[in-house]
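Participant: Let me give you the structure first, and then I'll get to my questions.
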Amino acid sequence: MPHNNHYNQNLKPFARSLRKESTKAEIRLWCEVLSKGKTGYTFLRQRPVGNYIADFLCKELKLIIEVDGCSHNFKTEEDIKQDKDLEILGFTTLRFSDEEVMKDLANVERVIVGWIESSQR
Numbered sequence: 001m002p003h004n005n006h007y008n009q010n011l012k013p014f015a016r017s018l019r020k021e022s023t024k025a026e027i028r029l030w031c032e033v034l035s036k037g038k039t040g041y042t043f044l045r046q047r048p049v050g051n052y053i054a055d056f057l058c059k060e061l062k063l064i065i066e067v068d069g070c071s072h073n074f075k076t077e078e079d080i081k082q083d084k085d086l087e088i089l090g091f092t093t094l095r096f097s098d099e100e101v102m103k104d105l106a107n108v109e110r111v112i113v114g115w116i117e118s119s120q121r
């Protein structure tokens, strides 16, 4: 396996515990949109990237999908810093709120698929 310099081995146990404690929204997004290559790409859950743990990561697309408890219209300072830090590593972050995933999954899926399609042009 090639060495991945973005993978933080120290965060592995924490990432594993987060996988066990996924929110309903994360589980729904995983089961209905991201699992088993439904998008045509492999996503991994709760993966260490740099100093962060991404909710969902597609290494091939350099895409991270985050599901936030509160509305993402109010990105916190931490979210902004995380997005910038991950961008430096070459990743794009798409953020959705729990509410969006639970109440409007079709639109969330449209945004993700739209991003994937536009990134492949």
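According to UniProt numbering, the sequence shown is numbered sequentially starting from 1. Ideal placement from N, C-alpha and C gives every residue a C-beta, glycine not left out.
Rounded to a whole number of angstroms, what is the C-alpha to C-alpha distance between residue 88 and residue 24?
Facilitator: What you label residue 88 is simply residue 88 of the sequence shown in a count that begins at 1. What you label residue 24 is simply residue 24 of the sequence shown in a count that begins at 1. So the alpha carbons of these two residues sit roughly 30 Å apart.
Participant: Closest by CA to residue 49, which one among 112, 37 and 82?
Facilitator: For the purposes of this step, residue 49 is identified with residue 49 of the sequence shown, where counting begins at 1. Per the Cα distances, 82.
Participant: Look up residue 94 in the DSSP assignment and say whether it is helix, strand or coil.
Facilitator: Working through the sequence shown from its first residue, we reach residue 94 at position 94. Three-state DSSP puts residue 94 in a strand.
Participant: Taking 8 Å as the cut-off, decide whether the C-beta atoms of residue 86 and residue 41 are in contact.
Facilitator: Here residue 86 is taken as the residue at index 86 of the sequence shown, counted from 1. Here residue 41 is taken as the residue at index 41 of the sequence shown, counted from 1. Result no, Cβ atoms of residue 86 and residue 41 do not sit closer than 8 Å.
Participant: In the DSSP assignment, what are the bridge partners of residue 47?
Facilitator: Reading the sequence shown from its first residue, position 47 is the one you call residue 47. According to DSSP, which records beta bridges pairwise, residue 47 is partnered with 54.
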